[in-house]
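So the structure is just underneath, and the comments pick up after that.
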Amino acid sequence: MRDFKLFLKLFDDGCIDNNIVPFDGCYSNNYDCIQGCRNCIKGICQNCLDGFWYQEQTQICIPQCGDSIITLNEECDDGNKIGYDGCYECKYQCSQNCEKCQFGKCLECQVEYQLDFYKIKCIPKCGDDVITSQELFDDGNNIQFDGYHKCLNYCQIECLLCFDNKCYNCQEGWQLQEYQCIQICGDSEQYQIPYQMNNGKCLPICGDNIITPIFEQCDDGNDIPYDGCFQCLYSCSYGCIQCEKDNHCLLCEDQNYILDTQTFQCNLQQQNIETNTEVIINDNDQLIVQCNKNQAFIQNKCVNLCGNGILKSEFEQCDDGNNNGGDGCSALCFQEDSYECNNQENQLSICTFIQTPNFNLILLSDKQNQTKIIELIFSQQVYISSKLNFEQIIEFIILNEIQIAFSLIPFQNITSQLSNPKYKILIQFLEPVANPILKVTIQKYSIFNSYDMELNNNQIQLQLGTPFVLSEATQKRVNQIIQMNDAVIYTTVGIAGFLFLTVFRYLYQNIFIAYFRQFKCR
């Protein structure tokens with residue numbers, strides 16, 4: 168019988184990449200998947216997660232921009248290629264004419280532009296004598312009644328509430344007069360006699376019984392309102408809504424006034440005025456009633472309009488037709504917490520109680536495992552502002568300051584559209600620790616539900632349990648023992664194989680000789 172050789176090959180499913188970086192194909196001498204990979208075999212990715220595409224040359228999963236899924240190095244993804252809409256090519260991008268931009272929010276505009284009142288976009292600086300592409304004209308000033316104002320015939324920039332080119336509320340330092348914001352005197356500008364400072368302008372002296380053309384319509388030598396001339400402008404008497412020269416009233420305000428055909432003045436029909444209103448009797452024995460804001464003079468009374476079921480957004484956040492608190496709209500017509508009110512101008516507000524969203528952490532792995540697997544989910548459908556990236560608004564902290572390897576894997580990423588996002592958190596402890604605690608914090612005012620309500624609680628802590636982790640020195644000793652055991656096994660197998668072949672050959676020879684002798688004897 169011929170000699171034969173026995174070859175032994177041990178099964179090896181390990182890898183060595185000389186680093187401790189997880190999710191690079193090999194970690195802790197074991198194959199693992201790269202980031203963005205769904206399934207892999209021995210560190211080689213077979214197919215990628217949603218939002219990634221596989222590049223065969225480099226054998227990695229690359230984020231796919233434009234699929235409305237924010238992954239890895241993408242700052243944002245709005246699913247389009249429209250510029251200046253907050254996100255372009257998966258990078259934050261501010262509106263046009265922005266000089267300094269951060270996370271899609273403009274902090275500083277170019278020289279000829281300024282941020283609008285809501286600090287969102289850059290608008291032209293009207294009054295700088297420079298006509299931009301968004302201005303029809305620019306006469307270099309902000310003077311009212313000169314034919315040009317705010318370059319687009321809109322309300323002044325000092326106006327806080329504007330409807331139909333009429334201002335109803337001005338910024339601090341400005342007065343509201345005839346739907347216009349007028350400057351308050353006190354800017355130290357000098358004037359020349361016979362002019363005086365009036366509302367921040369050098370104007371003729373009103374009240375000197377001298378009518379100055381262009382600047383004054385009338386001058387009756389006093390400052391009494393509703394007497395036909397007030398602040399050198401024609402004005403109707405109290406209660407009159409249409410008059411002509413010499414203060415002749417043609418039409419009174421409502422049924423509470425009656426037109427005197429002899430004096431052409433509007434007189435109150437009754438005199439039972441509510442005591443909490445401001446009542447003034449002028450020199451002409453005329454009764455003047457001044458109600459507070461958001462009040463109306465009804466049946467000789469100043470009545471608060473809050474609670475009448477007709478929303479006036481200038482003064483009210485909501486109006487549900489009553490003055491009861493705790494029903495979503497307070498007694499002062501403010502929207503209450505945990506309620507969402509459907510508001511439409513001049514209509515009844517409908518308020519509904521809304522459950523605020525929450526996020527939860529679920530520990531999926533055993534508490535003694537060195538690698539912890541945590542699931543992050545939300546209690547209801549939510550969305551993120553299109554100018555934000557989830558990885559930038561969430562913070563993960565292990566309260567015990569130790570070395571870890573961390574990774575956030577999206578199963579369903581949160582986008583600017585309502586969805587049920589889900590994430591898997593992988594934490595591998597690189598050194599021993601007792602009872603580590605994970606603290607997760609999400610930035611406020613960044614995630615909302617379908618009713619635009621933010622998270623009820625933006626911070627959660629989770630006890631991970633004490634993991635079984637060998638120290639670095641112990642790991643080295645264990646590796647040395649494993650290597651020594653491998654050497655012993657290899658040596659033992661080799662000796663056993665040699666002995667087996669030697670004994671087998673000896674037995675075979677003896678059997679053959681015995682058989683030959685027996686055959687010869689016959």
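Everything in the sequence shown is counted per our numbering, starting at 168 for the first residue and increasing by one. Glycine included, each C-beta is placed from N, C-alpha and C at the ideal position. All values derive from a computational prediction rather than experimental measurement.
Legend entry - CB of G777 within 9 Å of CB of G271, strictly: Residue 777 lies beyond the stretch modelled for the chain, which goes from 168 to 689, so this question has no answer here.
Legend entry - Distance between P392 and D427 (C-alpha atoms, nearest Å): Sequence index remark: in the sequence shown, residue 427 carries index 260 (1-based). Sequence index remark: in the sequence shown, residue 392 carries index 225 (1-based). Answer to the nearest angstrom: the Cα atoms are 19 Å apart.
Inset, instruction - List the whole-angstrom C-beta distance separating N196 from C207, where the pair is believed to meet the contact cut-off of C-beta under 8 Å. - result: Against the sequence shown, residue 196 aligns to sequence position 29. Against the sequence shown, residue 207 aligns to sequence position 40. Not confirmed; about 16 Å, so no contact.
Inset, instruction - Quick one: grab the DSSP three-state call for C182. - result: Residue mapping note: residue 182 aligns to position 15 of the sequence shown, counting from 1. Here C182 sits in coil by DSSP.
Inset, instruction - Compare the C-beta of S404 with all C-beta atoms of chain B and state if any pair is closer than 9 Å. - result: Protein chain content of the structure displayed is limited to a single chain, and chain B is not contained in it.
Inset, instruction - Return the chain-ordered list of same chain residues with a C-beta closer than 8 Å to the C-beta of V636, the five sequence neighbours on each side being excluded. - result: Along the sequence shown, read from residue 1 onward, the residue named residue 636 stands at position 469. Once the five neighbours on either side are set aside, the close Cβ partners of V636 are Q537, F596, L597, E598, P599, V600.
Legend entry - Cβ-based burial, N214 [other Cβ within 10 Å; buried from 16]: Residue numbering aside, residue 214 sits at position 47 when the sequence shown is read from its first letter. N214 should be labelled exposed.
Legend entry - Which of helix, strand or coil DSSP assigns to Y280: Translated into the one-based positions of the sequence shown, residue 280 becomes position 113. Y280: strand per DSSP, three-state reduction.
Legend entry - Proximal residues to N624 (C-beta, below 7 Å), its chain only, five neighbours per side dropped: Residue numbering aside, residue 624 sits at position 457 when the sequence shown is read from its first letter. Counting only Cβ-Cβ distances below 7 Å, and skipping sequence neighbours, we find N525.
Legend entry - Whole-number beta carbon distance between Q584 and Y550, since they are thought to touch under 8 Å: Your numbering for residue 550 matches position 383 in the sequence shown. Your numbering for residue 584 matches position 417 in the sequence shown. 6 Å between Cβ atoms; contact.
Legend entry - Straight-line gap, M620 to T523 (C-alpha atoms, nearest Å): By one-based count along the sequence shown, residue 620 stands at place 453. By one-based count along the sequence shown, residue 523 stands at place 356. Cα to Cα, M620 sits roughly 6 Å from T523.
Legend entry - Cross-strand partners of F615 (DSSP beta bridge): In the sequence shown, residue 615 corresponds to position 448, counting from 1. Bridge partners of F615: Y550, E621.
Legend entry - Cβ-based burial, F219 [other Cβ within 10 Å; buried from 16]: The residue given as residue 219 occupies position 52 in the sequence shown. Buried: at least 16 other Cβ atoms inside 10 Å.
Legend entry - Nearest-angstrom Cα separation, counted from T641 out to M651: Counting from one through the sequence shown, the residue named residue 651 turns up at place 484. Counting from one through the sequence shown, the residue named residue 641 turns up at place 474. Cα-Cα distance, rounded: 15 Å.
Inset, instruction - Pick helix, strand or coil for F671, following the three-state DSSP scheme. - result: Position 504 of the sequence shown holds residue 671. Helix at F671.
Legend entry - Run of the alpha helix (DSSP H) containing E558, from where it starts to where it stops: Counted from its first residue, the sequence shown places residue 558 at position 391. Start and end: 557-560.
Legend entry - Outcome for Y612 when other beta-carbon atoms lying within 10 angstroms are tallied against a minimum of 16: Here residue 612 refers to the residue found at position 445 of the sequence shown. Label assigned to Y612: exposed.
Inset, instruction - Could you please give me the residues that DSSP links to L426 through a beta bridge? - result: As a working note, residue 426 is residue 259 in the sequence shown. Paired residues: C433.
Inset, instruction - Measure the alpha-carbon distance for C410 versus I290 and round it to whole angstroms. - result: Taking the first residue of the sequence shown as position 1, residue 410 is located at position 243. Taking the first residue of the sequence shown as position 1, residue 290 is located at position 123. The straight-line gap from Cα to Cα measures roughly 41 Å.
Inset, instruction - Please state whether DSSP places A681 in a helix, a strand or coil. - result: By 1-based counting over the sequence shown, the position of residue 681 is 514. Note: A681 maps to helix in three-state DSSP.
Inset, instruction - Inspect the CB distances between the segment 510-522 and the segment 473-486 and report whether three or more fall short of 8 Å. - result: yes
Inset, instruction - Answer with buried or exposed for T582, where buried requires no fewer than 16 other C-beta atoms within 10 angstroms of its C-beta. - result: Residue 582 sits at position 415 when you count from the first residue of the sequence shown. Burial call: buried.
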